[in-house]
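Participant: Protein sequences appear in the order of chains L and Y.
Taking this note's numbering, I'd label the letters of the first sequence as residues 1 to 187.
Taking this note's numbering, I'd label the letters of the second sequence as residues 188 to 714.
Positions of the beta carbon are idealized from the N, C-alpha and C atoms, including for glycine.
Below is one structure. I have some questions about it.
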Amino acid sequence: MTTQADVREPASPAAANRRLVRRLSMGVAAMFAFGFAMAPLYDVLCQVTGLNGKTGGRVAAAQPVAVDAARTVTVEFVASLNAGAPWEFAPQVTRLQVHPGQFYQTHFLARNLTGQPLTGQAVPSVAPGPAARHFQKIECFCFTRQLFQPGEGREMPVTFRIDPELPPEVRTVTLSYTFFKLDDAGG
Amino acid sequence: MSTVSSSHDLEHGHAEPPRGLTRWLITTNHKDIGTLYLLFSLTMFFIGGAMALIIRAELFQPGLQIVDPHFFNQMTTMHALVMIFGAVMPAFVGLANWLIPMMIGAPDMALPRMNNWSFWIMPFAFTLLLSTLFMPGGGPAGGWTLYPPLVLQTGQAFPFVILAIHMMGASSIMGAINIIATILNLRAPGMTLMKMPLFVWTWLITAYLLIAVMPVLAGAVTMLLTDKFFGTSFFNAGGGGDPVMFQHIFWFFGHPEVYIMILPAFGIISMIIPTFARKPLFGYASMVYATASIAFLSFIVWAHHMFTVGMPLAGELFFMYATMLIAVPTGVKVFNWVSTMWRGAMTFETPMLFAIAFVILFTIGGFSGLMLAIAPADFQYHDTYFVVAHFHYVLVPGAVFSIMAAAYYWLPKWTGHMYDEKLGKLHFWLSVIGVNVLFFPQHFLGLAGMPRRIPDYALQFTEFNMISTVGAFLFGFSQLLFAYNVIQTIRGGAKATDQVWEGAHGLEWTLSSPPPYHTFTTAPEVK
């Protein structure tokens with residue numbers, strides 16, 4: 001409404017082309033940005049919906065919830081190594097019977113098999129996906145990078161509880177860790 | 188709009204092209220650039236085809252005979268990249284360059300200098316891409332879908348591949364902007380949107396698809412590049428990223444991409460069938476709306492390429508039903524083509540033969556696509572030869588046949604000479620037999636469980652693989668007839684009339700054959 005140029009006055013073809021090219025180029029730039037915006041959007045979507053087995057992350061220990069002693073859920077532990085990672089990595093126990101709402105602690109064992117100090121990072125994943133949001137950890141070795149001296153092996157603790165809100169049809173929850181070797185430079 | 192011609196005359200004082208090599212290097216003429224694109228595409232078609240024959244030769248027998256597995260994987264990857272980005276897409280852009288200005292009564296493309304650029308980037312991009320085959324560690328071998336972490340194991344070729352993809356993308360985007368500007372700004376007076384020939388319509392929609400998704404691909408490969416060299420972790424789980432996210436981003440590009448390769452083909456077929464059925468196209472408006480619907484749906488079905496990555500049930504169902512929905516507008520198109528032919532006075536010249544084969548064989552590819560869309564069944568079909576058979580049915584007797592139909596249909600207009608009809612028909616029959624012998628057995632192989640992209644296979648797959656390889660060589664070598672026929676037609680032959688085909692209608696047929704170097708410098712009258 002502001003200027004005459006806004007109205008469909010038959011502008012010179014060159015001006016019309018320029019305007020159109022400007023708009024289309026903006027579309028190109030926006031879609032390029034959208035490609036990158038998918039990275040945070042994807043994380044947000046996974047966190048909100050619990051898709052992809054991303055766990056809920058750290059919860060404050062001082063949030064007591066009622067323990068549901070009537071219900072028993074099996075929690076299975078799986079440890080795997082990313083291709084070529086020079087570690088020994090295994091859960092201390094492979095399964096636990098737990099009551100929702102109660103805290104449990106278990107350990108994973110890792111050993112550096114090389115003659116050099118190595119830094120590793122464990123990435124958790126929970127199956128089935130809908131259970132991921134209800135798997136709460138107050139302490140986990142996966143929150144930080146783990147430095148291992150040559151040949152060093154140690155137990156790494158996880159303290160977790162299953163939220164009583166866990167959908168009733170879920171009877172077994174699998175917690176899987178994949179251990180990645182981090183390069184000195186990056187990560 | 189009369190200013191178009193005057194400003195145009197100012198830019199080019201000459202009516203005839205300069206001679207020699209520089210004519211092609213510096214040309215801004217849409218016909219020259221169209222020719223360049225089409226010849227480039229033909230070259231890439233033979234290079235990609237040679238790679239396909241290496242693949243099929245290795246698969247003639249179980250065991251490893253001809254090439255080592257790493258080179259085999261480079262061939263599958265490069266065959267796809269060359270055929271998609273080097274053969275099919277440039278062919279359609281070439282046809283758009285030649286035809287859109289002549290079909291809408293425009294003097295040239297809207298942005299002629301950018302047009303020159305978008306073509307001349309391509310030979311450099313493909314020199315770069317093909318040169319990776321000779322680098323230490325070889326070319327890319329992780330499949331054209333470039334899934335991390337596998338693709339990050341590519342040797343020194345990796346940054347070159349990424350740069351080549353960026354260049355192809357830039358070329359496509361510039362081409363798309365040019366096509367949209369031409370169609371929206373340079374139509375002759377009276378050429379309303381709903382009077383445009385369907386080829387122009389399908390290209391307008393395709394160009395918007397290109398603008399929407401090529402930048403997403405550019406973003407995805409840039410993330411791969413920074414993951415590999417700059418320590419980012421977009422797709423690295425060890426650093427908090429997720430390799431599955433790449434698949435989402437890639438297929439957000441990849442699924443519209445398959446429609447980029449088929450919508451212009453729909454346009455071509457919608458031009459050719461009415462000519463040889465001597466009836467106007469049945470359901471013009473529904474064709475336009477069907478094209479637009481397919482383009483819209485193409486954005487919300489991407490995850491049907493990744494049913495097996497572990498999606499929640501709701502996701503599987505959504506993508507399954509959305510994918511099946513595409514069959515509706517596609518069915519509208521197929522029925523419209525059949526209705527156009529219904530009770531038409533049909534003749535069967537080579538372009539029509541290719542068009543009819545397109546309708547039948549593309550529909551077969553569409554049906555196998557519907558089978559693949561069924562999420563629970565896809566767990567069986569995923570990554571098998573059934574998928575290979577499916578997308579080759581829509582791309583070879585689909586996209587490639589439509590390009591050949593277009594070449595035979597408009598070649599007399601472009602060159603002023605009739606092609607050799609006998610040779611054209613021979614080429615058609617060899618191609619249509621070859622392509623079915625080549626790809627039909629692959630359906631059975633896939634259903635029986637033969638995985639794709641693997642150079643060796645279990646013994647029970649031998650016979651169908653042998654049949655497929657025989658078909659591949661029949662199809663591949665019969666394309667030499669096409670090249671020969673095209674070259675002979677460019678060099679000479681019987682004089683073509685202006686209308687060329689008895690039933691042809693449209694502005695391009697009102698021009699002489701061949702058309703003068705500059706056409707429609709004053710806009711034609713469109714009734």
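1. Return yes when the Cβ of L/Q121 is within less than 8 Å of the Cβ of L/L182, no when it is not.
2. Chain L partners of Y/M432, CB-CB under 8 Å?
3. Give the interface partners of Y/F272 over in chain L, defined as CB-CB distance under 8 Å, in chain order.
4. Taking Cβ-Cβ distances shorter than 8 Å, what residues in chain L pair up with Y/P711?
5. Between which two residues does the alpha helix (DSSP H) carrying L/I138 extend?
6. Which partner residues does L/V98 have in the DSSP bridge list?
7. Alpha carbon to alpha carbon, how far is Y/V338 from Y/W616? Give it in angstroms, no decimals.
8. How many angstroms separate the CA atom of Y/L212 from the CA atom of Y/W307?
9. When Cβ atoms are compared, which residues of the region 168-184 of chain L fall closer than 7 Å to chain Y?
10. Exposed or buried, which one is Y/P205 when buried takes at least 16 other CB atoms within 10 Å?
11. So for L/N82, helix, strand or coil by DSSP?
12. Strictly below 8 Å CB to CB, what residues from chain A border Y/V488?
13. Give me, in chain order, the residues of the same chain whose beta-carbon lies closer than 8 Å to that of Y/K714; leave out the 5 immediate sequence neighbours on both sides.
14. Run down chain L in chain order and give the residues with a C-beta less than 9 Å from the C-beta of Y/L298.
15. Looking only at its chain, what residues have a beta carbon closer than 7 Å to the beta carbon of Y/S699, apart from the 5 residues adjacent to it on each side?
16. Hey, Y/L584 and Y/V622 are a contact pair by Cβ (cut 8 Å); roughly how many whole angstroms apart?
17. Please confirm whether Y/W304 and Y/M361 have their CB atoms less than 8 Å apart.
18. Name the DSSP bridge partner or partners of L/Y177?
19. Tell me whether Y/K682 is buried or exposed, calling it buried when 16 or more other Cβ atoms sit within 10 Å of its Cβ.
20. Is DSSP giving Y/H257 helix, strand or coil here?
21. Note down, in chain order, all residues in the region 116-135 of chain L with a beta-carbon under 7 Å from any beta-carbon belonging to chain Y.
22. According to DSSP, simplified to helix, strand and coil, what is L/P164?
23. Please classify Y/D643 as buried or exposed, where buried requires at least 16 other C-beta atoms within 10 Å of its C-beta.
24. What distance in whole Å lies between the Cβ atoms of Y/A424 and L/V123, which are believed to be in contact at a cut-off of 8 Å?
25. Does any CB atom of chain L fall closer than 8 Å to the CB of Y/H435?
26. Y/I367 and Y/I291: beta carbons closer than 8 Å?
27. Within the 8 Å Cβ cut-off, does Y/G425 reach chain L?
28. Per the DSSP calculation, L/W87 is bridged to which residue(s)?
29. When the Cα atoms are used, what is the spatial distance from Y/S719 to Y/P516?
30. Please confirm if L/G27 has its CB atom under 8 Å from at least one CB of chain Y.
31. Are Y/T462 and Y/G603 close, meaning C-beta to C-beta below 8 Å?
32. Can you round the beta-carbon distance between Y/P277 and Y/F227 to whole angstroms, since I take them to be within the 8 Å contact cut?
33. Of all Cβ atoms in chain Y, is any one closer than 8 Å to the Cβ of L/P86?
34. Near Y/P384, which residues of its chain fall below 7 Å by C-beta distance, leaving aside the five closest residues on each side in sequence?
Facilitator: This is what the structure gives:
1. yes
2. M38, A39 and Y42
3. Per Cβ cutoff of 8 Å: no residues; Y/F272 is ~17 Å from chain L at best.
4. Those do not exist, as Y/P711 stays about 16 Å from chain L at its closest Cβ, beyond 8 Å.
5. First-last for L/I138: F135 to C140, but that is the beta strand (DSSP E), not the alpha helix (DSSP H).
6. L/V73
7. 40 Å
8. 8 Å
9. T178, F180 and L182
10. exposed
11. coil
12. Structure shown: chain A not included; protein chains present are L and Y.
13. G377
14. N17 and V21
15. D685
16. Residue identity differs from the one stated: residue 584 of chain Y is Pro in this sequence, not Leu. Indeed they touch by this definition, with Cβ atoms about 5 Å apart.
17. yes
18. L/A79 and L/P124
19. exposed
20. helix
21. Q121, V123 and G129
22. coil
23. exposed
24. 5 Å
25. yes
26. no
27. yes
28. L/N112
29. No answer is possible for residue 719 of chain Y: it lies beyond the span of chain Y, which begins at 188 and ends at 714.
30. yes
31. no
32. 6 Å
33. no
34. M290, M458 and G693
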